[in-house]
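Asks:
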Amino acid sequence: MKREQVKEILACLGDERRVFRYFRDRYCFDLLEFEMDRQGCESMKVAELKTSPMNRHLKKPVVAQALKYCANGMV
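Here's what the structure looks like:
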């Protein structure tokens, strides 16, 4: 990326500090959020997710750990 492109992007972002918290396999949660937005729902049953293409992401340790705390099997 060229220096002027970086300056242009930074100008678009403004002076505010942006914090992006990253951890291993975070993309799984981002994909889950994207899928729920795509379907227009605020919550989904874990059973529905297990039968969807998202199933392979549910097997990631960080996601499996988070799903343990979902009440009534809803995400």
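Adding 1319 to a residue's 1-based position in the sequence shown gives its number in my numbering. C-beta: ideal position from N, C-alpha, C; glycine also. Here the structure is a predicted model, which is why all the values come from computation and not from measurement.
Buried or exposed for MET1373, please, with buried defined as at least 16 other CB atoms from any protein chain shown within 10 angstroms of its CB.
Replies: buried
Asks: List the residues that DSSP assigns as beta-bridge partners of MET1355.
Replies: Answer by DSSP bridge pairing: none, since MET1355 is not bridged.
Asks: Where does LYS1321 sit, in a helix, a strand or coil, going by DSSP?
Replies: coil
Asks: Looking only at DSSP bridge pairs, what is LYS1364 linked to?
Replies: MET1393
Asks: Keeping to the same chain, check which residues put their C-beta closer than 8 Å to that of GLY1392; ignore five residues upstream and five downstream.
Replies: LYS1364, VAL1365, ALA1366
Asks: For a quick check, are the C-beta atoms of VAL1382 and PHE1348 less than 9 Å apart?
Replies: yes
Asks: Roughly how many whole angstroms lie between the Cα atoms of SER1362 and ARG1322?
Replies: 43 Å
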